[in-house]
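Peer 1:
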Amino acid sequence: MNIKYILQLFCLLGVMVTVTSCDMEQEIEVKLPRLEPQLVVECYLENGKPIRLTLSESSGYFDAIQPTIVDNATVSITKNDEEPILLTYRLEADVKTQKVYTYYSTKVIRSQPGDVYKLLITDPKGRRLTGTTTVLPSIPIDSLGYKFNDKPDESKEAYLLVRWQDDPSTRNFYRLLVHKPDTMQVDNVNSLLDREITDELQNGKKITYFSTYRFKPNDTLTVKLFNAEEAYYRFVSSVEDARRANGNPFAQPVVINNTVAGGFGVFTHLNYSTKEIILK
Amino acid sequence: MGLSVMKIIRIYLRYIILSVPTQFTMPNSRLIQLFLCTVLLFTCAPVIAQERVTLSGTLTSAKTGEPLIGASIAVVGTSSGVNTDIEGKYSLLIPKGNRQVQFTYLGYETITRELNLTRNTTLNLALQEADNKLEEVVVESQRNSFEERLTSPQMSLETLTTREAKLLPALFGEVDIIKTLQLKPGIQSGGEGSSGMFVRGGSNDQNLVLIDNALVYNPSHLFGFFSVFNPDAMQGVELYKGGFPAQFGGRLSSVLDVKMREGNKEEYDVSGGVGLIASRLTVEGPIQKGKSSFLVSGRRTYVDVFTRMINEAKEGDPDWSPIPDYYFYDFNAKATFDLGPKDRLFISGYYGRDFFKFYDANFNFNFNWGNTVGSVRWSHLFSPKFFVNTMVTSSSYAYEIKNQLDVFDFSLTSNISDLNAKVDFEYLPNEQHHIKFGSSVTDHTFVVGRLEAGSNDGELSVEAGNEYKGQEYGAYVSDDWTIHPTFTLSYGLRLSGFLNNGNNYNGIEPRLAASYRLNETLTLKGNYTRMFQYVHLVSNSGASLPTDIWYPSSPGVKPQISDQFALGLTKVHKKDYLFSTEVYYKTMSRQLDLRDGAQIFGVEELEPEFVFGTGKSYGQEFYFEKKGGKTTGWIGYTLSWTNRTFPDINNGKTFPARFDRRHDISIVAIHEWNDRISATATFVYGTGDAYSLPVQRFVFQDVPGEDFTVIPIYPERNSFRLAPYHRMDLGLVYKLKPKRGSSDLTFSVYNVYNRRNPYFVYFETIWNEEEQTREILGFSAKQVSLFPIIPSITYNFKF
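Heads up: the sequence lines are chains A and B, in that order.
In this text, residue positions in the first sequence follow the numbering used here: the first is 16, and each later residue adds one.
In this text, residue positions in the second sequence follow the numbering used here: the first is 33, and each later residue adds one.
1) With 8 Å as the threshold, decide whether the Cβ of ASN205(A) is near any Cβ in chain B.
2) Using a beta-carbon distance below 8 Å, is ILE80(A) in contact with chain B?
3) I need the boundaries of the beta strand (DSSP E) containing ARG622(B), first residue and last residue.
4) Quick one: complete beta strand (DSSP E) runs, 3+ long, within the region 145-230 of chain A?
5) Looking at chain B, is there any beta carbon in it that lies within less than 8 Å of the beta carbon of ARG129(A)?
6) Considering just the uninterrupted stretch of the beta strand (DSSP E) at PHE338(B), what are its terminal residues?
7) Is any heavy atom of the ligand FMN found at a distance shorter than 7 Å from the C-beta of GLN631(B)?
8) Is GLU215(A) close to chain B? Criterion is C-beta to C-beta, closer than 8 Å.
9) Where does ILE271(A) land, buried or exposed, given buried means 16+ other C-beta within 10 angstroms?
10) Please report the distance separating the alpha-carbon of THR613(B) from that of ALA453(B).
11) Between the Cα of LEU191(A) and the Cα atoms of PRO183(A), ARG178(A), SER184(A), GLU61(A), which residue gives the shortest distance?
12) Using the C-alpha atoms, what's the distance from LEU60(A) back to PHE387(B)?
13) Along chain A, in chain order, which residues have C-beta atoms closer than 9 Å to that of GLY348(B)?
14) Over what stretch of residues does the beta strand (DSSP E) that includes ALA598(B) continue unbroken?
15) Looking at chain B, is there any beta carbon in it that lies within less than 8 Å of the beta carbon of PHE282(A)?
16) List, in chain order, every chain B residue whose beta-carbon is nearer than 8 Å to that of ASP209(A).
17) Mind checking THR198(A): buried by the 16 CB within 10 Å criterion, or exposed?
18) Taking only beta carbons into account, state which residues of the region 805-821 of chain B come closer than 9 Å to chain A, listed in chain order.
19) Please return the same chain residues whose Cβ sits closer than 7 Å to the Cβ of VAL123(A), not counting the five positions on each side in sequence.
20) So, at 8 Å on beta carbons, what are the nonlocal neighbours of ASP208(B) in its own chain, with the 5 sequence-adjacent residues on each side left out?
21) Using a Cβ-Cβ distance under 8 Å, would SER288(A) count as near chain B?
22) How many angstroms separate the CA atom of LYS94(A) from the CA atom of GLN733(B)?
23) Taking the alpha carbon of ARG753(B) as the point to measure from, which residue in ALA545(B), ASP761(B), TYR791(B) has its own alpha carbon closest?
24) Can you look up PRO640(B) in the DSSP assignment and give me helix, strand or coil?
25) Which residues in chain A have a C-beta closer than 7 Å to the C-beta of ALA32(B)? List them in chain order.
26) For ASN789(B), which option in THR778(B), TYR766(B), SER817(B) has the closest C-alpha, if you only look at C-alpha atoms?
27) Could you tell me which of LYS46(A), SER73(A), MET39(A), LEU47(A) sits nearest to GLY277(A), measuring between CA atoms?
28) Would you say ARG340(B) and ASP362(B) are within 8 Å of each other, going by their C-beta atoms?
29) Quick check on PHE740(B): does DSSP put it in helix, strand or coil?
30) Which term fits ASN786(B), buried or exposed, when burial requires 16 or more other beta carbons within 10 angstroms of its beta carbon?
31) Measure the Cβ-Cβ separation of LEU192(B) and GLY763(B) and say whether it is below 8 Å.
32) For GLY524(B), which residues does DSSP report across the bridge?
33) Of the choices GLY684(B), ILE667(B), TYR669(B), whose alpha-carbon is the least far from that of ASN675(B)?
34) Of the residues that make up the region 478-492 of chain B, which ones have a beta carbon closer than 9 Å to any beta carbon in chain A?
35) Which of the three DSSP states is assigned to PHE696(B) in this structure?
36) Is VAL30(A) close to chain B, meaning its C-beta is less than 8 Å from at least one C-beta of that chain?
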């Protein structure tokens, strides 16, 4: 065999590569087994607000997109050892926050740290979902800070500093959200920053959280610091992990740490403080 | 589960009966009896032994003084024969009297000696290189090497020389002995292009990787795509998949014993290669001619040179996000001294680092990792029958991630460093026994997840991480006992232990192997081994990543244990064809994994994140090889099952390991066209990896101000299969004729028919692009592949 022919062959292969190497991703068909739908609940209690709850069902991953509302369940919430509050079915969409609720009670919650709320859901199919949450004190944000980098004005960005005092007597779990005040509008409902933080290495200390350079001059930022129950923290973290694991070949599959038993989802009391800052 | 172990064994027994020649055919029950009551049977076997003597010595290259690995020594007119080991040594039992002994090594002149053997004899020979032979071509082609496979009780062993590996096509033209080993049965890669090794259902961290007797903790570069073994500096490798000799301990699933070349004792040589992504250079020569030598070898990748140029050209472009810098380099060095006829001294070292850098105006991210390994070995002969190797080795692996943002600094480091001393004795008291004994002690220091975050104004100061100490020790004795010319028993015991902070863990590790030669061309072998592993790799991913952490045994993390049984049959046909098959059954206890959602960075204690379980694997390997002639090669096939059971994973239900591969086929063919051109082809096929996919989903709305998310529900671990993996590679070595020295062009085509092999699968959300609101239209499954067809060319030289 002549070396010339070999080289020609390799040139040809080189051309083939440039032609074919672009489609490294392709759609495939995956057959998934059918599993029974399970109850999915989402309920956030807040001091001074009425109770609203969303109850739905899980569906097959490739099922058609359609509402999976459960409208025939019995839903009750009990505060401490008081009489259970019965929630009634009413489909309601909050256009401003783009949230859908299916069960409600007009009763406004009055809660203080230490109060315990219990959730019980049963339905005609015999499914039973339970959850418990304990009210925690909100933890005030001490101060906010920021610093701009030295890029030219049009591409200048700032990082944000959030400082608060950790409670040394307990393990604390925090969720930190940063919004623009106008983010409650349609098509812009997502936070600029969402972090789950523990006091594992900083118990009892003044905690300083700093972001990367990501905020623009003249941004007005609303910072919300949630003092979360461990179960809620684990739920939000596992949701975040699951979102990131899809498409990551190195990640293990994530099991969602639900705060409820007998289904999926979350039942918690929100305890947060807010502070606002304008980046000048 | 399909086929059960018993079924495999039944198939296996049926197969043995079919392969045994008629004169050996016997009822099934007799066959089982044969295997179980071997000793009894063989003491009754007819005594055909004559009085015999030992012929031993070392074979070297006359040109370079380096030992010849796998050279064959055969007694003409008999079936006696043996191969040199990884140090060029051989030892052979021969009936007394006048014998003609032949020493052959491919590419070298054959030497035939008339010997009058009346007592044990030492014969060291230097073989001359043959003229006009293609040095790099033909796989370790000593036809008689098959003879050793028939006589030795050792089974589950794969031997490979760098010369073999260099012939075969390679990804980006970068020759890698680990990837060549993956073409042997029972050894699986960790995925496309990966140099990870999963041996008989063991995890990637259960391989004892040694380079010149020193441990290598992380034998891979570039997130596993390349191994740390620079082919120019390596002589060869032995991989034990089972039947572990008693001198090895500390890992459950395999021993990978890599030997570095010693360098040319006679003259100076410079050799190297220029490839698509990396270049290599090796300098070697005598320190004192004929007596001592040195070898220094280095290589570096240079893709970063081009990416940096692109980044510089695009500087100032606001839309350009810089390509991170990546490169690795490694160095090997070795010096060998003949201190006298009875003493040799070896000093060798390895140093390698990978660098991953990302810089922009505000953000600096630096990630580097690598191994540092060194060893000193003194080999002393008390007599030809009694010798000793004394070694001191050191090994360390470290990674560091540094991150800087304005006044804030963040760094995360983990490392393990070992200092080891070891002594190995070998004693051949008579022609029937080969006794080995020795001991080893290792001092480990583990720094686990040291995190430091701080600011220069003192506002932030966070520290985490732990340091642990541990001492690992072992002592062993073993004997290869030739009870009868047709029956050899190898039995040994290793006592091992680990001391951590006053806590002591001990293990008794029996090692047993036997071989019975059914006839001139057929041998039946079996073995049982128990292994202990005292250090554990904590990995938060399915792959081998540089951030995986080594962790010592402790009250909460007990040593891992494995038991392996194997039964095998070796058949040689017409001296050129080898057929072997082995069936194995392995159990592993105290396997470590991380609980779901575990955090391994920035936590005070890692142990709460661990969960423990068991592993099991079984299967059968088939291997057919042809040596001699212009066309050589092999076909390997493995049928296997590998699973894990963890009470805290998958609701306690047994699940297949990700690398559980029902069928694994590899075909390697090498054809020597003429003395200048050789062509090679490899084909691999494997059942798709076990994989977890979500089956259901639900919508999580989150609190007001947050967007909704679609949450996947994974009902079971690894319950899906990726599409089967198959690929063909072609290679061609074309020897040039330069005025001085030698050189060649090596062409490789990876994935010739451009198959889209699955690397992973994910579910994509299809959004409605037209509407203002965020609306999901549906979901689809996407398969991602890594490498299309990749041709490459490498220029290699030596002068």
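Here a beta-carbon is modelled for each residue, glycine too, at the ideal position from N, C-alpha and C.
Bear in mind that the values here come from a model prediction, so they are computed numbers and not experimental data.
Peer 2: So, from the listed chains and residues:
1) Against the first sequence, residue 205(A) aligns to sequence position 190. Closer than 8 Å: yes.
2) Position 65 of the first sequence, counted from the start, is the residue given in the question as residue 80(A). Yes - at least one Cβ of chain B is within 8 Å of the one on ILE80(A).
3) The residue labelled residue 622(B) in the question sits at position 590 within the second sequence. Residues 609-626.
4) 156-163, 173-180, 188-194, 208-213, 221-225
5) Numbered from its first residue, the first sequence carries residue 129(A) at position 114. For the sequence presented, residue 129(A) should be read as Gly rather than Arg. By this cut-off, GLY129(A) is not an interface position.
6) Taking the first residue of the second sequence as 1, we reach residue 338(B) at position 306. Looking at the DSSP string, PHE338(B) is not in any beta strand (DSSP E); the run it does join, the alpha helix (DSSP H), is 335-345.
7) By its list of ligands, the structure shown contains no ligand whatsoever, and the ligand FMN lies outside what it can speak to.
8) As a position in the first sequence, residue 215(A) is number 200, starting the count at 1. Yes, its Cβ sits closer than 8 Å to a Cβ of chain B.
9) Here residue 271(A) is taken as the residue at index 256 of the first sequence, counted from 1. With 16 or more Cβ atoms within 10 Å of its Cβ, ILE271(A) is classed as buried.
10) Against the second sequence, residue 613(B) aligns to sequence position 581. Against the second sequence, residue 453(B) aligns to sequence position 421. In a straight line, the C-alpha of THR613(B) is about 37 Å away from that of ALA453(B).
11) Translated into the one-based positions of the first sequence, residue 191(A) becomes position 176. Selection PRO183(A), ARG178(A), SER184(A), GLU61(A) evaluated against LEU191(A) yields ARG178(A) as nearest (Cα-Cα).
12) Within the second sequence, numbered from 1, the residue matching residue 387(B) stands at position 355. Within the first sequence, numbered from 1, the residue matching residue 60(A) stands at position 45. Taking the straight line from one Cα to the other gives about 49 Å.
13) Walking along the second sequence from the start, residue 348(B) turns up at place 316. Those within 9 Å of GLY348(B) in chain A number zero; the least Cβ separation is about 11 Å.
14) Against the second sequence, residue 598(B) aligns to sequence position 566. 592-605 is the extent of the beta strand (DSSP E) around ALA598(B).
15) Working through the first sequence from its first residue, we reach residue 282(A) at position 267. Not an interface residue.
16) For the purposes of this step, residue 209(A) is taken as the residue at position 194 of the first sequence. At a C-beta separation below 8 Å, ASP209(A) has these neighbours in chain B: GLU738.
17) The count along the first sequence starts at 1 and reaches residue 198(A) at position 183. Confidence is the limiting factor: at THR198(A) the pLDDT is only 49, short of 50, which leaves the residue's position unreliable, though a coordinate-based value still follows. Counting Cβ neighbours within 10 Å, THR198(A) comes out buried, since at least 16 surround it.
18) THR805, ARG806, GLU807, ILE808, LEU809, GLY810, PHE811, SER812, ALA813, LYS814, GLN815, VAL816, SER817, LEU818, PHE819, PRO820, ILE821
19) Numbered from 1 along the first sequence, position 108 holds the residue referred to as residue 123(A). Within the same chain, VAL123(A) has close Cβ partners GLY63, LYS64, PRO65.
20) One-based indexing of the second sequence puts residue 208(B) at position 176. ALA197, ALA202, SER227, PHE258, SER259, PHE261, PRO263, listed in sequence order.
21) Within the first sequence, numbered from 1, the residue matching residue 288(A) stands at position 273. No, its Cβ sits nowhere closer than 8 Å to a Cβ of chain B.
22) Sequence index remark: in the first sequence, residue 94(A) carries index 79 (1-based). Sequence index remark: in the second sequence, residue 733(B) carries index 701 (1-based). Going by the C-alpha atoms only, they are around 24 Å apart.
23) As a first step, residue 753(B) is located in the second sequence; it is residue number 721 there, counting from the start. Measuring from the Cα of ARG753(B), the nearest candidate turns out to be TYR791(B).
24) For the purposes of this step, residue 640(B) is taken as residue 608 along the second sequence, with counting starting at 1. DSSP places PRO640(B) in helix when its eight states are reduced to three.
25) This structure cannot settle anything about residue 32(B), because the visible part of chain B is limited to 33 through 831.
26) As a first step, residue 789(B) is located in the second sequence; it is residue number 757 there, counting from the start. Selected option, being the one with the closest Cα: SER817(B).
27) Within the first sequence, residue 277(A) is the residue found at index 262, counting from 1. Among LYS46(A), SER73(A), MET39(A), LEU47(A), the Cα nearest to that of GLY277(A) belongs to SER73(A).
28) As a working mapping, residue 340(B) is identified with position 308 in the second sequence. As a working mapping, residue 362(B) is identified with position 330 in the second sequence. Between ARG340(B) and ASP362(B), the C-beta gap is not smaller than 8 Å, which leaves the two residues out of contact.
29) In the second sequence, counting from the first residue as 1, residue 740(B) sits at position 708. Coil, per DSSP.
30) In the second sequence, the residue the question calls residue 786(B) occupies position 754. That one is buried.
31) Taking the second sequence and counting its residues from 1, the one referred to as residue 192(B) is at position 160. Taking the second sequence and counting its residues from 1, the one referred to as residue 763(B) is at position 731. Between LEU192(B) and GLY763(B), the C-beta spacing is not below 8 Å.
32) Residue mapping note: residue 524(B) aligns to position 492 of the second sequence, counting from 1. DSSP lists SER510(B), ARG543(B) as partners of GLY524(B).
33) As a first step, residue 675(B) is located in the second sequence; it is residue number 643 there, counting from the start. Measuring from the Cα of ASN675(B), the nearest candidate turns out to be GLY684(B).
34) LEU483, ALA485, SER487, GLU491, LEU492
35) Numbered from 1 along the second sequence, position 664 holds the residue referred to as residue 696(B). Residue 696(B) is actually Asp in this sequence, not Phe. Here ASP696(B) sits in strand by DSSP.
36) Position 15 of the first sequence, counted from the first residue, corresponds to residue 30(A). Residue confidence is low: VAL30(A) scores 47 on pLDDT, short of 50, so the model does not pin down where it sits. No coordinate-derived value is stated.
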